[in-house]
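Down below is the structure, laid out as structure tokens.
Protein chains in written order, with this note's numbering: chain A, 1 to 410; chain B, 411 to 820.
Pasting the structure below:
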């Protein structure tokens with residue numbers, strides 16, 4: 001296969017200079033075993049094939065499909081750790097270091113879980129690597145029926161192209177295995193390597209037609225490039241042709257916008273993630289690619305990354321033809337209704353939910369937890385307590401996800 | 411006075427190598443005379459000392475104080491034009507070229523006003539330079555009582571420090587003159603030169619105590635630096651000590667975050683302005699400067715630059731002490747309620763207004779038009795038709811502005 005090398009984030013790890021998998025797996029297994037789980041979690045850690053019954057507001061049990069739920073696999077985790085150890089200026093390395101290369105002392109006790117999100121990061125890896133035990137127990141404890149799983153940030157996008165292609169395949173195979181083991185509990189969004197658009201489209205076709213996965217997830221920019229660039233159009237074309245949605249998950253701002261986010265940890269979930277992913281979405285709207293691929297479905301997390309807030313101004317300032325540089329044939333709000341869906345990950349605010357339902361349409365809003373980065377129980381409480389009609393709540397909790405991600409009814 | 415030179419946007423214009431004011435004034439006067447005003451505007455162009463009566467929803471006339479209304483003066487306009495002609499990579503130059511150095515053919519006809527915001531930009535300068543004729547006529551035509559005036563983007567912040575200091579003084583003097591000529595119609599926010607913090611604080615003191623202006627306006631970053639940097643603390647200290655609010659108005663993203671905004675005119679009001687100003691606000695929250703200056707009042711336009719949308723996530727991810735790099739002692743939402751006020755400029759969306767009232771508090775939301783960049787009549791219609799109680803509408807229309815900017819009751 002011909003590999004094109006793209007201008008890239010430094011550092012990159014190539015397959016040749018990288019990992020001893022046996023060593024890596026041993027290391028990570030030890031880390032997972034050493035992590036002290038909170039007592040309440042250990043109590044709940046029994047594997048189940050069915051969620052626990054709960055009593056949501058409607059009386060009858062509400063099916064809950066969480067749509068932005070992260071996993072990793074040991075090989076990718078080790079390669080990410082190696083990237084961290086190489087160092088570099090990419091702002092994602094700050095969080096990745098805490099997750100994948102934290103000093104053992106930081107690993108989870110109940111106290112640090114409560115006290116500091118920096119310390120919490122040091123406890124995430126075992127949860128990311130687990131499909132069958134911790135994850136199902138946490139789902140059961142809160143009555144969560146299903147995780148729509150996706151390879152966690154930054155996916156394969158910081159690796160050299162050949163390694164990225166290999167890891168996307170491996171990750172998708174493992175995801176398929178997890179879904180086969182627990183078909184009532186897991187579905188999945190496939191990874192692909194935008195670094196190699198041709199390999200990416202091959203893998204996308206395989207992921208849907210052979211592995212029977214439910215869509216795709218990309219972690220915003222790849223080596224500082226956005227999907228409106230023509231070299232990525234085959235990826236957008238494939239997603240549209242396969243009828244499978246493309247979730248644009250955040251990562252830290254690309255190097256060309258990094259400077260103001262480099263203080264106060266603003267690069268990540270505090271602020272930079274939303275700016276990065278929202279900017280990516282607006283580029284797609286204004287570049288005209290959504291006119292070229294009118295049936296492409298983009299999913300945004302975090303209540304649409306503030307795009308719903310800005311739609312009036314986007315429509316006013318970026319009406320078709322209003323500026324020479326604009327390529328859009330429709331108003332941004334028209335694309336938003338036609339080409340986008342959003343999830344509630346990490347923004348459990350009932351007022352924002354209502355605004356987003358008004359802007360995106362009740363058909364296009366899906367519930368998410370952002371496991372393991374956000375706790376499950378409050379996300380469930382948010383879903384069950386938000387001011388929604390029974391019909392609206394069912395759409396947000398599961399019906400929209402069933403339609404958009406082609407998930408079988410319960 | 412000792413002038414410190416800061417790392418700067420290129421290009422800069424210094425006083426010594428710059429303008430022949432006589433030539434400049436002649437040029438701009440000719441431009442203004444040549445601009446063909448729309449017929450309905452010419453019809454309305456009579457000077458008045460009182461707004462026209464209107465019939466707002468409440469029955470009795472609603473006082474309307476617009477709080478983000480732009481002006482320029484010929485000397486500054488000429489210097490900005492010279493900056494444009496020097497060229498450079500700063501993204502603000504794209505819009506500034508259209509406004510200050512547009513080919514004459516672009517100047518205003520009714521047709522281009524309707525057709526293209528690029529062409530509209532070529533018609534703005536006469537409106538920016540006028541206090542006494544066009545502006546009052548447009549206010550009267552829609553029943554607007556008062557403009558809270560401010561030197562338009564980028565203020566004096568792209569000039570060399572000595573020139574910036576001089577132009578801030580000159581601009582503030584002219585603003586004071588306009589307010590004296592029309593005390594019932596104009597109040598003003600003073601300019602200052604962050605490039606020279608000591609001169610800035612002197613000018614801030616003069617603007618409030620001698621010129622009797624009502625606050626300050628800064629156009630976000632100055633030479634890519636943000637106000638949380640220690641060298642700017644004297645400016646924040648002065649604003650707090652003077653009890654005068656500091657409006658942080660957008661400009662295009664700073665050079666260190668410019669790259670993804672350099673396509674599709676995303677640097678400006680379409681998307682980049684909100685990112686730039688919102689990021690500035692979040693830096694102030696997370697840097698701890700609002701603990702150092704707890705009575706500082708910051709005003710944000712554009713419904714708070716999406717900060718209200720993100721507050722739940724900001725609180726969750728940036729709780730005090732939750733990450734080693736965070737310096738904030740309060741939750742972001744606590745600063746938002748205590749230290750911020752917002753205006754409705756350029757985002758006339760009733761749903762967003764309701765969200766913002768919930769987040770900022772009804773005491774802290776003020777109406778604005780963003781004259782002459784946005785049309786007056788729709789902004790008035792938005793104010794008069796939004797779903798607000800009579801009491802809420804009065805607070806947004808004038809009472810909050812009267813309190814925050816110390817404007818006398820009508």
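All residues carry an ideal CB built from backbone N, CA and C; glycine is no exception.
Fair warning: this is a prediction, and the values are worked out from it, not measured in the lab.
Determine, using beta carbons only, whether residue 36(A) comes closer than 8 Å to chain B.
With a pLDDT of only 31 at residue 36(A), under 50, the local geometry of the prediction cannot be trusted, and no value is derived from it.
Cβ-Cβ distance between residue 216(A) and residue 259(A) below 8 Å
Not closer than 8 Å, so no.
Quick one: grab the DSSP three-state call for residue 153(A).
In the displayed model, residue 153(A) falls within coil according to three-state DSSP, outside both helix and strand.
Note down, in chain order, every chain A residue with its Cβ under 7 Å from the Cβ of residue 761(B).
What residue 761(B) touches in chain A: 355, 358.
Runs of beta strand (DSSP E) wholly within the stretch 664–723 of chain B (minimum 3 residues, chain order)
Taking only runs of at least 3 residues, the beta strand (DSSP E) segments lying wholly in the stretch 664–723 of chain B are 708–710.
Using a threshold of 8 Å, state whether the C-beta atoms of residue 505(B) and residue 678(B) are closer than that.
A contact, by the Cβ cut-off of 8 Å.
Anticipated Cβ contact below 8 Å, residue 782(B) with residue 537(B), distance rounded:
Indeed, because the Cβ distance is near 4 Å, the residues count as touching under 8 Å.
Interface flag, residue 283(A) vs chain B, CB-CB below 8 Å
When Cβ-Cβ separations below 8 Å define contact, residue 283(A) makes contact with chain B.
Less than 8 Å between the CB atoms is what I'm expecting for residue 806(B) and residue 775(B), so what's the real figure, rounded?
Between residue 775(B) and residue 806(B) the Cβ distance is about 5 Å, and since that is below 8 Å, they are a contact.
Is residue 812(B) helix, strand or coil by DSSP?
Of the three classes helix, strand and coil, the one that applies to residue 812(B) here is helix, per DSSP.
Short of 6 Å in beta carbon distance, which residues of its chain neighbour residue 357(A), apart from the five on each side in sequence? Order them along the chain.
365, listed in sequence order.
8 Å Cβ cutoff, residue 158(A) in contact with chain B:
No - not a single Cβ of chain B is within 8 Å of the one on residue 158(A).
Closest to residue 386(A) by CA distance: which of 375(A), 374(A), 349(A), 410(A) is it?
For residue 386(A), the closest alpha carbon among the candidates 375(A), 374(A), 349(A), 410(A) is that of 349(A).
What's the call for residue 578(B), buried or exposed, on a 16-neighbour Cβ count within 10 Å?
Flag for residue 578(B) reads buried.
Closest Cβ-Cβ distance between residue 260(A) and chain B: below 8 Å?
It does; some Cβ of chain B falls within 8 Å.
Any Cβ of chain B within less than 8 Å of the Cβ of residue 88(A)?
It does not; no Cβ of chain B falls within 8 Å.
Are the stretch 642–659 of chain B and the stretch 232–242 of chain A touching by the rule of at least three beta carbon pairs closer than 8 Å?
By the Cβ rule, the stretch 642–659 of chain B does not count as touching the stretch 232–242 of chain A, because fewer than three pairs are nearer than 8 Å.
Note down, in chain order, every chain A residue with its Cβ under 8 Å from the Cβ of residue 528(B).
Within chain A, the residues near residue 528(B) are 322, 323, 324.
Which runs of the alpha helix (DSSP H) fall wholly inside the stretch 715–782 of chain B and span at least 4 residues, in chain order?
Fully enclosed alpha helix (DSSP H) runs of 4 or longer: 717–727, 742–749, 760–770.
Alpha carbons only, please: which of 598(B), 665(B), 716(B), 613(B) is nearest the one belonging to residue 631(B)?
Considering only alpha carbons, the answer is 665(B).
Just grab the DSSP bridge partners of residue 615(B) for me.
Residue 615(B) has no beta-bridge partner at all, per DSSP.
Nearest residue (CA-CA) to residue 139(A), options 329(A), 375(A), 270(A)
Of 329(A), 375(A), 270(A), the residue nearest in Cα terms is 375(A).
Using a 10 Å radius around the Cβ and a threshold of 16 neighbouring Cβ atoms, would you call residue 780(B) buried or exposed?
By the neighbour-count rule (16 or more Cβ atoms within 10 Å), residue 780(B) is buried.
Could you tell me the distance, in whole angstroms, from the CA atom of residue 360(A) to the CA atom of residue 333(A)?
Rounded to whole angstroms, the separation of the alpha carbons of residue 333(A) and residue 360(A) is 9 Å.
Secondary structure of residue 86(A), DSSP reduced to three states:
Reduced to three states, the DSSP call for residue 86(A) is helix.
Partner residues on chain B for residue 348(A), Cβ-Cβ distance less than 7 Å
Listed along the chain, the chain B residues whose CB falls inside 7 Å of the CB of residue 348(A) are 722.
For residue 541(B), tell me which candidate among 756(B), 684(B), 593(B), 697(B) has the shortest Cα-Cα distance.
Closest option to residue 541(B), Cα to Cα, is 593(B).
Using only the alpha-carbon positions, how far apart do residue 212(A) and residue 99(A) sit?
Spanning the two alpha carbons is a distance of roughly 30 Å.
Anything in chain A within Cβ reach of residue 719(B), meaning under 7 Å, just list it in chain order.
Simply 306, 309, 352.
What does the alpha-carbon distance come out to for the pair residue 638(B) and residue 563(B)?
Residue 638(B) and residue 563(B) have their C-alpha atoms roughly 20 Å apart.
Given residue 481(B) as reference, the closest of 600(B), 475(B), 765(B) once Cα atoms are compared
Looking at the Cα atoms, 600(B) is the closest of the given residues.
Counting contacts by CB-CB distance shorter than 8 Å, is residue 737(B) in contact with chain A?
Taking Cβ atoms only, chain A reaches closer than 8 Å to residue 737(B), which makes this a yes.
Please classify residue 591(B): is it buried, with 16 or more other beta-carbons within 10 angstroms of its beta-carbon, or exposed?
So residue 591(B) counts as exposed.
Could you check if residue 801(B) is buried or exposed, using at least 16 other CB atoms within 10 Å of its CB as the buried criterion?
It is exposed - the Cβ of residue 801(B) has fewer than 16 other Cβ atoms within 10 Å.
Is residue 636(B) helix, strand or coil when you go by DSSP?
If DSSP states are grouped into helix, strand and coil, residue 636(B) belongs with coil.
Determine, for residue 679(B), whether the minimum Cβ-Cβ distance to residues of chain A falls below 8 Å.
It does: the Cβ of residue 679(B) has a partner Cβ on chain A nearer than 8 Å.
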